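Set out below in structure tokens:
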């Protein structure tokens, strides 16, 4: 097992699905004992632990010893960082042959279908089979898909999300462990963390602020179902209402367009659904001939580099800066401007982390700030 894992690591493997376990040998002097559980005492558990430290997800069948004299899991399923998988049938009932977890830790970690499992047999005919060796690769494929959706999380963060999603997470036992995972729930656990890293608690953002002709409202879905976005005037009148069908934790952007005719003042963008409501204030500038002298070509919500269009409002030495939410300058351009001259300035900031930034125009006589959102 250890030699195979070493080769797998050298080949760049990200996951190991192992349907192999040890406890007795042809030579009884090599047999493992219950006293070796959870002590990283066996060669195979030491190897599996080291593989996990390398960043590889290690999954192992818990074993088919539930009806046998040994009864408990096999090694290396005992290792803390190994995801040990037991077997249930399609009704979610534990298979009698599925190994028990030895007292002292939550083992198995999760369970999956390994009793009367449908397989591809000879001549493409479906057959059934029994064993935790079916349960483990079954759920390993789903975990691989989850990791593919969130490649920036490490192996243990992915497994912890899977455990938290399972139906017995708060009441684990020695047969089911944390239970049957729900991968939609696991996805949302990770997605919520991603969203928090980007938005913090401000899951509704309206840009640019101030605006003249257009508002982009970016928000994180709070429910599975119907929601709406409203633009409300300074007098409290709902000017526009946009229905949106959302999924929880998914990110959406809706735009309010052609806002030139509306007067300057304090407007409100409001999100509401069956459970949540949130509003943000946003200022409208008066639309004049010179009101659009600083523009973001691709809009204030962007993913890569930033292209700024400047119609110089004055002849002066000015500075264009990209500033993060802490006030630190992350990019800057010094400009000698001439009134009326049009310039395009590119900021190579694709490497910046997701989040809120600000574009600042600064001179001796003028200052303008545009809020940006990098996805």
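Numbering (the working numbering), first residue to last: 1 to 375. The beta carbon of each residue, even a glycine, is placed where N, CA and C say it ideally should be. Computed from a prediction, not measured in an experiment: that's the story for all the values here.
Handout entry: 8 Å CB neighbourhood of residue 300 in its chain, flanking five on each side removed
Key = Closer than 8 Å at the Cβ level, and outside the excluded window around residue 300, lie 207, 208, 216, 370, 371, 372 and 373.
Practice task
Report the three-state DSSP secondary structure of residue 283 (helix, strand or coil).
Solution key: strand
Handout entry: Endpoints, the beta strand (DSSP E) within which residue 360 is located
Key = 355–362
Handout entry: Three-way DSSP call (helix, strand, coil) for residue 45 in this model
Key = helix
Practice task
Have a look at residue 131 and residue 6 and give me their C-alpha separation to the nearest angstrom.
Solution key: 26 Å
Problem - Rounded separation between residue 117 and residue 137 - CA only - result: 12 Å
Practice task
Could you pull out every residue in the same chain whose Cβ sits closer than 6 Å to the Cβ of residue 37, ignoring the five residues on either side in sequence?
Solution key: The residues are 78 and 102.
Handout entry: Closest by C-alpha distance to residue 91, when choosing among 84, 111 and 42
Key = 111
Practice task
Answer yes or no: do residue 295 and residue 275 have a C-beta to C-beta separation smaller than 8 Å?
Solution key: no
Handout entry: residue 377 classed as buried or exposed, judged by whether at least 16 other C-beta atoms fall within 10 angstroms
Key = Outside the displayed span of the chain (1 to 375) sits residue 377, for which this structure offers no information.
Handout entry: Identity of the residues DSSP links to residue 60 by a beta bridge
Key = 18 and 84
Problem - Between the CA atoms of residue 181 and residue 81 - distance to the nearest angstrom - result: Going by the C-alpha atoms only, they are around 17 Å apart.
Exercise for the section: With DSSP collapsed to three states, give me the class of residue 10. Expected result: helix
Practice task
Could you tell me how far apart the beta carbons of residue 97 and residue 67 are, in whole angstroms, since I believe they sit closer than 8 Å?
Solution key: 5 Å
Handout entry: Test item: CB-CB of residue 271 and residue 231 under 8 Å
Key = With respect to residue 231, residue 271 sits apart: the two C-beta atoms are not nearer than 8 Å.
Exercise for the section: From the DSSP output, in three-state form, read off residue 390 for me. Expected result: Missing from the structure shown is residue 390; the chain here goes from 1 to 375 and no further.
Handout entry: Contact set for residue 368: own chain, Cβ-Cβ below 8 Å, skip 5 residues either direction
Key = 294, 360 and 361
Exercise for the section: Determine the DSSP secondary structure at residue 160, reduced to helix, strand or coil. Expected result: helix
Handout entry: Option in 26, 343, 72 and 218 with minimal Cα separation from residue 297
Key = Sorting 26, 343, 72 and 218 by C-alpha distance to the C-alpha of residue 297 places 343 at the top.
Practice task
Would you mind stating whether residue 70 and residue 134 have Cβ atoms separated by less than 8 Å?
Solution key: no
Problem - Option nearest residue 285 by Cα separation, candidates 245, 306, 278 and 263 - result: 263
Handout entry: Environment of residue 93 [buried if 16+ CB atoms lie within 10 Å]
Key = exposed
Practice task
Starting from residue 271, trace the beta strand (DSSP E) both ways and give me its first and last residue.
Solution key: 265–273
Problem - Exposure label - residue 158; buried when at least 16 CB within 10 Å - result: It counts as buried.
Exercise for the section: Identify whether residue 308 lies in helix, strand or coil by the three-state DSSP scheme. Expected result: strand
Practice task
Report the rounded CA-to-CA distance for residue 364 versus residue 164, giving the unit in angstroms.
Solution key: 55 Å
Handout entry: For residue 212, the nearest candidate out of 169, 240, 221 and 260 (CA to CA)
Key = 260
Problem - For residue 355 and residue 325, believed in contact at Cβ under 8 Å, the rounded distance - result: Correct: roughly 6 Å between the Cβ atoms.
Exercise for the section: Just mark residue 12 as buried or exposed, buried being the case when its beta carbon has 16 or more other beta carbons within 10 Å. Expected result: exposed
Practice task
Might you give, ordered along the chain, the residues of its own chain that have their beta carbon closer than 6 Å to the beta carbon of residue 279, omitting 5 neighbours on each side?
Solution key: Here the set comprises 268 and 270.
Problem - C-alpha distance - residue 313 paired with residue 340, whole-angstrom precision - result: Roughly 6 Å separates the two Cα atoms.
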